[in-house]
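Chains A and B are the protein sequences, given in the same order.
According to numbering that gives the first Met the number 0, the stretch in the first sequence is residues 0 to 249, in order.
According to numbering that gives the first Met the number 0, the stretch in the second sequence is residues 0 to 257, in order.
Note that beta-carbon positions come from the ideal geometry of N, C-alpha and C, so glycine has one too.
Remember, it's a predicted structure, so these values are computed and weren't measured experimentally.
Notes follow once the structure below has been shown.
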Amino acid sequence: MADAAALVALRGVDKVYSNGVVALKGLDLAVGEGEFLSLLGPSGCGKSTVLRLIAGLGDLSAGTLEWSSRRGDIGFVFQDPTLMPWATVFNNIYLPLRVRGIPKGEAAPRIERAMEQVGLAGCGGAYSRELSGGMRMRVSIARALVAEPKILLMDEPFAALDEITRFKLNDDLLALWATQRWTVVFVTHSVFESVYLSTRILVMSARPGRVSAEVPIEVPAPREPSFRTSHAYAEQCRTVSAKLGAAMQA
Amino acid sequence: MIARVLPPVVMLILGLAAWEIAVRAGHVPVYILPGPVVIAQTLVRDWSTLYPSLLVTVIITLAALTAATVLGVAIAVLFAQSKWIELSLFPYAVILQVTPIVAIAPLIIIWVKDTASALLICAWIVSFFPILSNTTLGLNSTDHNLLNLLQLYGASRRQVFWYLRLPSALPYFLGGLRISGGLALIGAVVAEFVAGSGGIQSGLAYRILESGYQLNIPRMFAALFMITATGVVIFVVLTLVGHLALRRWHESAVKREG
């Protein structure tokens with residue numbers, strides 16, 4: 000990815016936590032506008048730290064983080080749905096707009112649209128405990144989308160879901176991305192998921208975390224579910240697995 | 000609903016019947032142990048004396064509980080603003096809580112001229128701590144990722160407080176309130192025992208003392224019954240309030256699917 004088109008770039012980034020853990024060391028990474036970038040690596044390799052730094056939820060210990068233009072709105076999806084249990088689905092999705100002081104009446108059509116996009120139409124009055132794990136994750140995604148972010152940061156969002164639900168959410172996410180074309184940075188430890196979703200994969204190695212390999216996935220969107228069983232998919236998975244294996248050896 | 004109410008009611012009727020039979024069969028004098036029938040008769044006969052006392056006790060209890068709620072929540076909110084404030088003041092709240100009210104009530108009654116105010120202060124001291132400590136815990140128990148999310152959206156401290164901290168503290172607060180309701184009544188009664196003051200403005204505790212001096216044991220039981228009934232009503236009302244506030248979302252109030 001040429002740096003010229005980068006939406007956000009990290010150069011020579013170190014991150015040392017207050018307990019002395021070196022999470023990142025000399026990390027270089029550029030996120031291109033409109034790409035679906037996956038960060039793949041073993042647990043503890045600092046993938047989540049990268050997302051948190053991009054989101055501005057922590058300070059760099061060294062290096063620089065640059066946005067190509069004004070830092071746009073950021074959508075963040077955690078591994079847990081992180082919903083407010085006391086609020087309805089509608090009010091959970093309203094949260095980012097509410098923080099900005101947009102009145103509920105004005106926000107309502109946008110909230111309805113976000114719910115429609117993630118397949119939650121008509122569920123606005125439900126509480127999170129009444130929903131399944133997959134539905135809760137959909138609410139979380141709708142909340143990230145409602146503010147129309149330039150970049151969507153997703154931290155292993157589907158890791159805790161069963162495979163059937165995960166596949167469905169993968170497909171829905173891809174379909175949305177194909178029409179909306181925001182930039183996505185997706186953290187995962189699943190080779191299969193990263194190959195299926197991404198336009199580019201960065202393989203990270205652990206302790207301290209840095210980028211050890213880059214794999215572009217040159218299969219044009221939209222990807223059909225049949226891509227999962229195709230020869231090209233298997234081939235890519237093999238390549239990425241080998242790089243991940245090498246990264247974990249290093 | 001019937002299945003939940005029936006067993007304790009049946010138990011109550013059986014217990015009262017056994018009590019009445021035992022008292023009559025054993026020819027126990029009323030100044031040792033009156034039966035439920037005599038107590039009920041006394042309750043009706045002495046209603047004109049007992050009812051004003053009940054009102055006094057109830058008013059002091061409710062005033063103390065209101066003050067405990069307002070001040071407990073206010074101090075908890077203050078604690079939530081800064082760790083330093085919490086660290087510097089919390090120990091004193093604990094000291095106030097662990098000092099037996101019976102031991103400091105005489106002092107308060109000496110210092111505060113107006114008896115009703117003195118009783119109110121005693122009841123408040125006993126009842127405010129559960130609300131304070133529970134609400135403080137609740138305000139500090141907000142989901143960290145939700146806090147991260149609001150930081151990401153650029154929310155102000157005030158927004159974080161209203162949108163996240165306060166609602167997450169609600170179940171904790173309601174739990175504290177339920178404990179404080181009972182404690183406010185106990186505080187009001189204990190303080191009045193210590194004060195031991197008579198007159199028109201006396202509550203149920205004084206009626207019990209007075210009945211003891213006069214060996215009017217049935218009236219003592221009648222007053223005791225009124226105190227207990229008040230405590231039960233307070234508990235039921237506060238439980239109901241908690242249930243209504245949390246019924247849609249909190250695990251404690253939602254029926255478990257079988």
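Inter-residue spacing [alpha-carbon to alpha-carbon] between residue i and residue j
i: A117 (chain B); j: L54 (chain B); result: 17 Å
i: T48 (chain B); j: F89 (chain B); result: 43 Å
i: K242 (chain A); j: I53 (chain A); result: 25 Å
i: D170 (chain A); j: N18 (chain A); result: 39 Å
i: A231 (chain A); j: F191 (chain A); result: 12 Å
i: G175 (chain B); j: V240 (chain B); result: 13 Å
i: S87 (chain B); j: R218 (chain B); result: 48 Å
i: A233 (chain A); j: L38 (chain A); result: 19 Å
i: R247 (chain B); j: S204 (chain A); result: 45 Å
i: L148 (chain B); j: G186 (chain B); result: 44 Å
i: G14 (chain B); j: R206 (chain B); result: 26 Å
i: L196 (chain A); j: R206 (chain A); result: 26 Å
i: Q80 (chain B); j: R157 (chain B); result: 10 Å
i: H143 (chain B); j: S42 (chain A); result: 20 Å
i: T141 (chain B); j: L119 (chain B); result: 34 Å
i: S139 (chain A); j: L237 (chain B); result: 34 Å
i: S240 (chain A); j: M83 (chain A); result: 37 Å
i: Q116 (chain A); j: V9 (chain B); result: 57 Å
i: V188 (chain B); j: P28 (chain B); result: 28 Å
i: P102 (chain A); j: R109 (chain A); result: 12 Å
i: A76 (chain B); j: V159 (chain B); result: First, the amino acid is wrong: residue 76 (chain B) is Val here, not Ala. Distance between the alpha carbons of V76 (chain B) and V159 (chain B): 13 Å.
i: P6 (chain B); j: M0 (chain B); result: 11 Å
Integer Cβ distance of residue i from residue j, believed to fall under 8 Å
i: L9 (chain A); j: L26 (chain A); result: 6 Å
i: L201 (chain A); j: E217 (chain A); result: Going by Cβ atoms, the distance from L201 (chain A) to E217 (chain A) rounds to 15 Å, so no, they are not a contact pair.
i: F127 (chain B); j: S167 (chain B); result: That pair is no contact at about 21 Å.
i: L64 (chain A); j: L152 (chain A); result: Actually they are not in contact, since the Cβ atoms of L64 (chain A) and L152 (chain A) sit about 13 Å apart, beyond 8 Å.
i: A183 (chain B); j: V111 (chain B); result: Going by Cβ atoms, the distance from A183 (chain B) to V111 (chain B) rounds to 17 Å, so no, they are not a contact pair.
i: P121 (chain B); j: I109 (chain B); result: What sits at residue 121 (chain B) in the sequence shown is Cys, not Pro. Actually they do not touch by this definition, with Cβ atoms about 12 Å apart.
i: P215 (chain A); j: R237 (chain A); result: Going by Cβ atoms, the distance from P215 (chain A) to R237 (chain A) rounds to 15 Å, so no, they are not a contact pair.
i: L172 (chain A); j: R142 (chain A); result: With 8 Å as the limit, L172 (chain A) and R142 (chain A) do not qualify as a contact, their Cβ atoms being about 14 Å apart.
i: K14 (chain A); j: L59 (chain A); result: 6 Å
Interface partners of residue i on chain B, CB under 8 Å
i: T198 (chain A); result: In chain order: nothing, as chain B lies at least about 25 Å away.
i: V75 (chain A); result: Per the sequence shown, residue 75 (chain A) should be read as Phe rather than Val. Going along chain B in sequence order, the residues near F75 (chain A) (Cβ under 8 Å) are N147, L148, L151.
i: P102 (chain A); result: What P102 (chain A) touches in chain B: nothing, since even the nearest Cβ is about 15 Å away.
Under 9 Å from the C-beta of residue i: neighbouring residues of chain B
i: D79 (chain A); result: D142, N144
Contacts that residue i makes with chain A (C-beta to C-beta distance below 7 Å)
i: N133 (chain B); result: Ordered by position in chain A, no residue passes the 7 Å Cβ test against N133 (chain B), which lies about 17 Å from the chain.
i: W248 (chain B); result: P84, W85, Y126, R128
Residue i: CB within 6 Å of a non-hydrogen atom of the ligand MN
i: R222 (chain A); result: For the ligand MN, the structure offers nothing, since it holds no ligand at all.
Listed by chain order, chain B residues near residue i by CB distance under 7 Å
i: A54 (chain A); result: L151
i: R237 (chain A); result: Neighbours of R237 (chain A) on chain B: none; closest Cβ ~35 Å, over 7 Å.
i: P156 (chain A); result: Going along chain B, no residue has its Cβ under 7 Å from P156 (chain A), so there is no contact; the nearest lies around 12 Å.
Same chain, Cβ closer than 7 Å to residue i, neighbours up to 5 away in sequence not counted
i: T68 (chain B); result: I130, L176
i: M225 (chain B); result: L49, L53, L203
i: G121 (chain A); result: none
i: P224 (chain A); result: D170
i: A92 (chain B); result: F128, L131
Contacts that residue i makes with chain A (C-beta to C-beta distance below 8 Å)
i: F166 (chain B); result: Inspection of the sequence shows that residue 166 (chain B) is occupied by Pro rather than by Phe. Within chain A, the residues near P166 (chain B) are M83, W85, A86.
i: L169 (chain B); result: W85
i: A75 (chain B); result: Chain A residues near A75 (chain B): none, gap ~18 Å exceeds 8 Å.
i: V154 (chain B); result: Here the sequence assigns Ala to residue 154 (chain B), which means Val is not the residue at that position. Chain A residues near A154 (chain B): V98.
Close-in-space but distant-in-sequence residues of the same chain around residue i (CB under 6 Å, 5 per side omitted)
i: V72 (chain B); result: T134
i: A246 (chain A); result: V202, S204, S211
i: F157 (chain A); result: R165, L168
i: G25 (chain B); result: none
i: A159 (chain A); result: none
i: G40 (chain A); result: K46, M203
Residues near residue i by beta carbon distance below 8 Å, same chain, minus five either side
i: Y162 (chain B); result: L149, A154
Can you find at least 3 beta carbon pairs, one from the stretch 82-92 of chain A and one from the stretch 115-133 of chain A, that sit closer than 8 Å? With a cut-off of 8 Å, the stretch 115-133 of chain A and the stretch 82-92 of chain A count as touching, because enough Cβ pairs lie within range.
Notebook entry, point to check: Does the stretch 143-157 of chain B touch the stretch 96-111 of chain A, meaning 3 or more C-beta pairs lie closer than 8 Å?
Noted result: A contact exists between the stretch 96-111 of chain A and the stretch 143-157 of chain B.
**Report entry** At least 3 beta-carbon pairs within less than 8 Å: the stretch 90-107 of chain B vs the stretch 226-246 of chain B
**Finding:** Below 8 Å, too few C-beta pairs join the stretch 90-107 of chain B and the stretch 226-246 of chain B to call them touching: fewer than three.
With a cut-off of 8 Å, do at least 3 Cβ pairs link the stretch 177-185 of chain A to the stretch 143-150 of chain A?
-> Yes, the stretch 177-185 of chain A touches the stretch 143-150 of chain A.
Three Cβ pairs or more, each shorter than 8 Å: is that satisfied between the stretch 23-37 of chain B and the stretch 208-216 of chain B?
Output reads yes: the stretch 208-216 of chain B touches the stretch 23-37 of chain B.
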